[in-house]
Every structure is written in structure tokens, then in C-alpha cells.
Amino acid sequence: ECYIDEVTRRRVAYVEDPATTDHINRAAKWLTGKHKTGLMLSGTVGNGKTTLMKAIRSLIGILYGGHSYSERKGVVLVSALELADMARDNPEQFRNIKNSELLAIDDVGVEPALVKTWGNEISPFVDLIYHRYDRQLFTLVTSNLNPEDLEKRYGARIADRFTEMFDRIAFENKTYRK
Numbered sequence: 004e005c006y007i008d009e010v011t012r013r014r015v016a017y018v019e020d021p022a023t024t025d026h027i028n029r030a031a032k033w034l035t036g037k038h039k040t041g042l043m044l045s046g047t048v049g050n051g052k053t054t055l056m057k058a059i060r061s062l063i064g065i066l067y068g069g070h071s072y073s074e075r076k077g078v079v080l081v082s083a084l085e086l087a088d089m090a091r092d093n094p095e096q097f098r099n100i101k102n103s104e105l106l107a108i109d110d111v112g113v114e115p116a117l118v119k120t121w122g123n124e125i126s127p128f129v130d131l132i133y134h135r136y137d138r139q140l141f142t143l144v145t146s147n148l149n150p151e152d153l154e155k156r157y158g159a160r161i162a163d164r165f166t167e168m169f170d171r172i173a174f175e176n177k178t179y180r181k
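The opening position of the sequence shown corresponds to residue 4 in this note's numbering, with each subsequent residue numbered one higher.
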């Protein structure tokens, strides 16, 4: 239902198909089982990765929307591009994002690999992954990068951590955008 809501929110009719049903079922198994702390949704453009990520975020908001503030949990959503801007322009906000209990990062791979801050070059996404990996924090990621491209862009150490940290759902269906 959360996925359908995300689709209809864009003023598009939801049409059930085998690929989407499979992606939703695999995400549900990940959420309800003893799996890795991260989930990576990867594949070509326009095939439902961000929609599924937002649906998972909505579901968690519903499930943990307790009556008292201390019971509530929400998934912080940020694009990889925004993450790079934060690291450069607002280090405190970047630190808060790195420490979020539940984090979703959209479009990994479109952000600059390095940003300059106060004359120093930093790799915000790499820093964030090291941090979250060490603490085993819940992390959702969407990307158009396949595992080989991920290694080329971020190096073997990050690719290796991704293997341990993330379960992966591959989106191989065609774009839904018309």
C-alpha cells in the first residue's frame, strides 16, 4: 500500500507488474528477516528504486509512529548530491546525518566524489559509509551504479564494505516514465 501511495502521489496510475511485485516482496523479506543492516536498490533509471525507498520510509514511519515522541522513528532521506553539499557547507548537519539511526540516500553516484571544505578535500559519501559501517546503522541506498561501477568510483575498500553491509535488490526492468 505504501508503494501504491508513492506512485499515485505523482499523479500516475499504479499498474501491478511482476518486477514491481518481486521488488516489494524482496524488500518486505529484508525488513522482516535477519538480514544485513543496509539495503541497496540498484539498476537503470526510472524503474522504481526511489519509489520503493520512499515506500519503505513511509512504512517505517507508520509502524514506529507511536503515541509518545520517544517511540517515534523516522527515516532521514537525503540525496547523495545534498549530502555532498552538506559536508561542504554545513558540517554539523552532515555529522547529524551520518549519525542518524535510520538513513536513506538517493542517487548514489551522481554526487562529486570529492568536495573542498576550508581548503581540504573530503569524500563525503565514503566518510559516511565508513562511519555507518563501523556502527552497523540502518542504511537504504538507491543507485544506478552496478557493483563494478561502484568499485571503480569509490574503490575496493568501499565496495567490499558494501558487500558486507548491504543486501541488494537489482532493478532490471524498463523505465516506468513515459
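Think of the CB as a built atom: it goes at the ideal place given N, C-alpha and C, for glycine as much as any other residue.
Cβ-Cβ distance between residue i and residue j below 8 angstroms
i    : j    : result
L55  : Y133 : no
A107 : V129 : no
K177 : N50  : yes
I59  : L143 : yes
F174 : H38  : no
L42  : I172 : yes
Any non-hydrogen atom of the ligand NAD closer than 7 angstroms to residue i Cβ
i    : result
P150 : Although the ligand NAD was asked about, the structure shown includes no ligands whatsoever.
Range of the contiguous beta strand (DSSP E) that encloses residue i
i    : result
E124 : 123–125
Rounded Cβ spacing between residue i and residue j (contact assumed at less than 8 angstroms)
i    : j    : result
N147 : T47  : 6 angstroms
I125 : A90  : 6 angstroms
S61  : D8   : 7 angstroms
G112 : R156 : 6 angstroms
D170 : T145 : 14 angstroms between Cβ atoms; not a contact.
V118 : A87  : 5 angstroms
T40  : M168 : 6 angstroms
K76  : L34  : The pair is not a contact, with the Cβ atoms about 13 angstroms apart (cut-off 8 angstroms).
L153 : A162 : 5 angstroms
Span of the alpha helix (DSSP H) around residue i
i    : result
V10  : 5–12
D152 : 150–157
R180 : Per DSSP, R180 belongs to no alpha helix (DSSP H) and is neither H nor E.
N50  : It is not in any alpha helix (DSSP H) - N50 carries neither H nor E in the DSSP assignment.
E95  : 94–101
Residue i - partner residues in DSSP beta bridges
i    : result
T142 : G41, L106
A173 : S45
L80  : A107
K119 : E124
As an exercise, report each continuous alpha helix (DSSP H) stretch of at least 4 residues that is fully enclosed by the stretch 13–39, in chain order. 21–35
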